[in-house]
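Every number in my numbering is 732 more than the matching position in the sequence shown, counting from 1.
Backbone N, C-alpha and C define an ideal beta-carbon position, used for all residues, glycine too.
The structure appears below as structure tokens.
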Amino acid sequence: MKIAVGSDHAGLSLKKVIISHLEQKGLEFKDFGTYTEDSCDYPDYAEKVAVNVRDKNFDFGILVCGTGIGISIAANKVEGIRAAVCADTFSAHASREHNDANILALGERVVGPGLAIDIVDIFLSSKFEGGRHQKRVDKITAIEKIRNDFGGKNE
Ligand code: RB5
Numbered sequence: 733m734k735i736a737v738g739s740d741h742a743g744l745s746l747k748k749v750i751i752s753h754l755e756q757k758g759l760e761f762k763d764f765g766t767y768t769e770d771s772c773d774y775p776d777y778a779e780k781v782a783v784n785v786r787d788k789n790f791d792f793g794i795l796v797c798g799t800g801i802g803i804s805i806a807a808n809k810v811e812g813i814r815a816a817v818c819a820d821t822f823s824a825h826a827s828r829e830h831n832d833a834n835i836l837a838l839g840e841r842v843v844g845p846g847l848a849i850d851i852v853d854i855f856l857s858s859k860f861e862g863g864r865h866q867k868r869v870d871k872i873t874a875i876e877k878i879r880n881d882f883g884g885k886n887e
């Protein structure tokens, strides 16, 4: 399993904890930055990780910012990405089982390191259930194809 990891400055400390955990587990990963505490913009790191997950260079992505919200919103703009912000373990497995989430987003200012590690482990070990959930995920994918230009019909 290959994992793409990224954060902004507000998620850097938690990302380091997660990276140590991935190393301990012997999981293959790449850190797409940020690498310093200098203030930066979370969409830049969301894009790097999301594009690499979309292109199947990595199986999953893990993104961290202050809340997990901004970085997940940005990642979800990339076609094929289903980024889920999780602050509890139920959401971590449900996001995989029901939504086939391919990026986990975490908020360093929201979850502590112990809970974050549990969320990461549960997210990475849970499997998409398919079945009725596949149809719904397909509908999410279909939304990506909707024409938004003038004359497009979105309802
Ligand atoms: C940075 O201050 C903060 O806004 C960012 O990390 C994130 O929480 C945005 O959603």
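Residues sharing a beta bridge with residue i, DSSP
{"i": "Cys797", "result": "Gly839"}
{"i": "Ala736", "result": "Lys762, Gly793"}
{"i": "Ala815", "result": "Ile835"}
Residue i burial status per 10 Å Cβ neighbour count (16 or more: buried)
{"i": "Tyr728", "result": "Because residue 728 is not part of the residues shown, which for the chain are 733 to 887, the question remains open."}
{"i": "Gly802", "result": "buried"}
{"i": "Glu840", "result": "buried"}
{"i": "Phe764", "result": "buried"}
{"i": "Arg828", "result": "buried"}
{"i": "Ser771", "result": "exposed"}
{"i": "Ala874", "result": "exposed"}
{"i": "Gly863", "result": "exposed"}
{"i": "Ala857", "result": "Position check: residue 857 holds Ser in this sequence, whereas Ala was assumed. The residue in question, Ser857, is exposed, as its Cβ has fewer than 16 Cβ neighbours within 10 Å."}
{"i": "Phe702", "result": "A question about residue 702 goes unanswered here, because the residues of the chain that appear run from 733 up to 887."}
{"i": "Lys859", "result": "exposed"}
Reduced DSSP secondary structure (H/G/I, E/B, other) of residue i
{"i": "Asp870", "result": "helix"}
{"i": "Lys757", "result": "coil"}
{"i": "Gly743", "result": "helix"}
{"i": "Thr821", "result": "helix"}
{"i": "Asn808", "result": "coil"}
{"i": "Glu829", "result": "helix"}
{"i": "Lys859", "result": "coil"}
{"i": "Ile803", "result": "helix"}
{"i": "Gly844", "result": "coil"}
{"i": "Glu876", "result": "helix"}
{"i": "Tyr767", "result": "coil"}
{"i": "Asp776", "result": "helix"}
{"i": "Lys788", "result": "coil"}
- Counting Cβ pairs closer than 8 Å, one from the stretch 778-787 and one from the stretch 845-857, do we hit at least three? Contact between the stretch 778-787 and the stretch 845-857 is not established, with fewer than three Cβ pairs separated by less than 8 Å.
- Would you say the stretch 791-811 touches the stretch 734-743, given that touching needs at least three Cβ pairs under 8 Å? A contact exists between the stretch 791-811 and the stretch 734-743.
- Item | Environment of the ligand RB5 in chain order, Cβ to heavy atom below 5 Å | Asp740, Ala742, Cys797, Gly798, Thr799, Ile801, Gly802
- At least 3 beta-carbon pairs within less than 8 Å: the stretch 809-829 vs the stretch 744-755: no
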